[in-house]
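Protein chains in written order, with the numbering used here: chain A, 1 to 366; chain B, 1 to 366. Ideal Cβ positions, reconstructed from N, Cα and C, are used throughout, including at glycine. If you're wondering where the values come from, they're calculated on a predicted model, not measured in any experiment.
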């Protein structure tokens, strides 16, 4: 079931190529301007790195829909799905076509990444996390006020940037609607996550619902936004949304596995921090069902004082009751379900890549 | 220059009538739903009161533009400025007019109030203020995490609500653009405000620029949004935006005067708290220019320990050097300038009311 090594390399290469283009587009969309400290703080996490997985999903979906060869077409002038009309305009003065023949897909991709960055900044405040992507979190590097404001600035900037795709206005309205409802759901999911920390009876289904809202909806938005902006039919939009929800949930489950299994230096934060902070994951929810006392797995409640051997023992126990295998299996099921939904797309290289990206999301080592 | 008492009563009555309608519309737009605690926290400040001045400006501007008698027309089905076509549609199957003949102006009004509420919640965290509208601030009543999330939820909800006006999609896109850029400017203004607290050389013009971004832009948006949604020309949109900027700046200057002159129980917070917290206002900026050592005006740095007589002495000194008079004069000039811009509107009762509201913003006692 795992990706052959050559395929995995090809996916990494594809993600990397798009990541570079997204990295170039971010400073164009978010230049450091007055007040400089605010914009520096807003850019801080975006500049610190990130694989740009959501923009990559968005740009690759656009390629699959337009049925163009991956990386063959300028994302800034990307074809829509409208039939091109070569007849001259009836009214000589108004030669502007009502529906533009191209859109700026990169603007949509950057918008989604900017939303992701806003949520990370505010989440780190809420969890009082010190590190993110191997650098201090924004409220540590700057201060609480600046971090709240930087997140708020990115929030509205994401809407401004999404308004710059040049899409027909009815499609732009639909895209903004998806962006707004996605942000609302992310907040709802985060609120559930906070609530779950106080509860000991969270079921796997409740956990997956929370993950859907907190994490998967932004993958869903990434996958369906090009369909909306390019003018695809509703069936296609819905199928792509479903693909994003499936692979987004799988991504989060895999992330929770990685938190337990990847060395701290590769993670960019303390391994096992979810256990120390008593965050619910699909793994702990499953283990509790098997009779494991999650609170007793790690005694330390301070990520800076936990030892590697404490984490090792906890992971061994979670493996013994099958919770890590359970999580891996659920992630795999979701990825397969998501890939099936891509049947709605033309059979092309970009669609293959979307399948490979789905596999990569649960195969990646960090 | 002050409003005659009968006129002031009429303005209060007009504001009151619209406030009630807005109060009814808020729970419809923001029902308490799962996760309940998040939505309760989001509604907490909105339910605690507020004069709904920005929605009132928006609704009254819509009435002036449509040239209808104030309160004669359902805000939910409010006329646009388009010529009504009575000719049957050319295509029998598509009887839907391309440009709807009515819009939901109340949705736009609620959206603006929701943005205002989001900024208050996050501002109170940043300033660590305990009280707002006579009740605990959201991060005190709930907690920091919930307050950040409640603000973030209102942020995206405001965009969702603005998408429900039913306006033609090109106008909806323009309205969302105004909303997004307004939010960005509010964040920039708040960042300048935080920055100014560290500086002693802020000029009156710098202060007014900050106030324009932090406060006035939301009045500007409130005044120009109906023009955009109803389909007014650019000159009208620009003039109304200017009216909002002028009266919004005047509003903030007057608010700063009130902080010094209105008893704490009426203010809903400690009188003189701006001085204690060393916040820059037009008054302190002017007084510093007159050689007053602002930092020495009040020795206490804790709003809970300052005495009324300390505040009285500080205010007397600010009055002696003419700083309060200066602020009042600047506010009056801005209001007169703003009222002049309304010449672009039809000469009707609603336009009169917009002039009276402008006067009220700097005459109100709290």
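Own chain, CB closer than 8 Å to residue i, minus 5 neighbours either side, in chain order
i: residue 92 of chain B; result: With a pLDDT of 45 at residue 92 of chain B, under the threshold of 50, the predicted position of this residue should be treated as unreliable, and no value is reported.
i: residue 15 of chain B; result: 51, 52, 53, 56, 357, 360
i: residue 58 of chain B; result: 105, 108, 109, 112, 222, 223, 225, 226
i: residue 31 of chain B; result: 39
i: residue 144 of chain A; result: 125
i: residue 335 of chain B; result: 246, 247, 250, 358, 359, 361, 362
i: residue 94 of chain B; result: Because the pLDDT at residue 94 of chain B is just 49, under 50, the model does not fix this residue reliably, and the value given afterwards should be weighed accordingly. Cβ neighbours of residue 94 of chain B beyond the five flanking positions: none.
i: residue 23 of chain B; result: 52
Nonlocal neighbours in the same chain, by C-beta distance under 7 Å from residue i, ignoring five residues either side
i: residue 328 of chain B; result: 257
i: residue 342 of chain A; result: 243, 351, 354, 355
i: residue 287 of chain B; result: 294, 318, 321, 323
i: residue 273 of chain A; result: 259, 303
i: residue 130 of chain B; result: 136, 137, 140
i: residue 76 of chain B; result: 104, 106
i: residue 12 of chain A; result: none
i: residue 196 of chain B; result: 202, 210, 280
i: residue 337 of chain A; result: 246
i: residue 62 of chain B; result: 78, 105, 226, 230
Residue i at chain B interface by Cβ criterion, 9 Å
i: residue 156 of chain A; result: yes
i: residue 190 of chain A; result: yes
i: residue 170 of chain A; result: yes
i: residue 144 of chain A; result: yes
i: residue 103 of chain A; result: no
i: residue 13 of chain A; result: no
i: residue 153 of chain A; result: yes
i: residue 362 of chain A; result: no
Closest residue to residue i among the options (Cα-Cα distance)
i: residue 314 of chain B; options: B/345, B/353, B/271; result: B/271
i: residue 103 of chain B; options: B/206, B/20, B/175; result: B/175
i: residue 354 of chain B; options: B/259, B/214, B/220, B/160; result: B/220
i: residue 367 of chain A; options: A/143, A/237, A/244, A/122; result: Outside the displayed span of chain A (1 to 366) sits residue 367 of chain A, for which this structure offers no information.
i: residue 246 of chain A; options: A/155, A/218, A/265; result: A/218
i: residue 140 of chain A; options: A/181, A/122, A/262, A/289; result: A/122
i: residue 372 of chain B; options: B/268, B/127, B/264; result: Not covered by the structure: residue 372 of chain B. The range shown for chain B is 1 to 366.
i: residue 155 of chain B; options: A/145, A/179, A/144; result: A/179
i: residue 142 of chain A; options: A/128, A/37, A/126, A/261; result: A/37
i: residue 182 of chain A; options: A/199, A/11, A/216; result: A/216
i: residue 229 of chain B; options: B/41, B/196, B/100; result: B/100
i: residue 116 of chain B; options: B/333, B/23, B/186; result: B/186
i: residue 82 of chain A; options: A/42, A/233, A/366, A/281; result: A/233
i: residue 60 of chain B; options: B/366, B/345, B/364, B/365; result: B/345
CB contact below 9 Å: residue i versus chain A
i: residue 222 of chain B; result: no
i: residue 194 of chain B; result: yes
i: residue 125 of chain B; result: yes
i: residue 180 of chain B; result: yes
i: residue 45 of chain B; result: no
i: residue 18 of chain B; result: no
i: residue 320 of chain B; result: no
i: residue 122 of chain B; result: yes
i: residue 37 of chain B; result: yes
i: residue 237 of chain B; result: no
i: residue 205 of chain B; result: no
Residue environment, residue i, which counts as buried when at least 16 other CB atoms sit within 10 Å
i: residue 119 of chain A; result: buried
i: residue 132 of chain B; result: buried
i: residue 89 of chain A; result: Residue placement at residue 89 of chain A cannot be trusted, given a pLDDT of 47 that sits under 50; the coordinates are not used to answer.
i: residue 137 of chain B; result: buried
i: residue 283 of chain B; result: buried
i: residue 339 of chain A; result: buried
i: residue 25 of chain B; result: buried
i: residue 20 of chain B; result: exposed
i: residue 299 of chain B; result: exposed
i: residue 4 of chain A; result: exposed
i: residue 18 of chain A; result: buried
i: residue 160 of chain A; result: buried
i: residue 44 of chain B; result: buried
i: residue 6 of chain B; result: exposed
i: residue 193 of chain B; result: buried
i: residue 316 of chain B; result: exposed
Cutoff 6 Å; reference residue i; Cβ partners in own chain excluding five residues on either side
i: residue 189 of chain A; result: 210, 213, 214
i: residue 42 of chain B; result: 150, 153, 154
Q) Pairing CB atoms from the stretch 136-150 of chain A with CB atoms from the stretch 251-265 of chain A, are three or more of them under 8 Å? A) no
(Q) Measuring CB atoms only, is the stretch 151-164 of chain B touching the stretch 55-72 of chain B, in the sense that at least three cross pairs come out at less than 8 Å? (A) no
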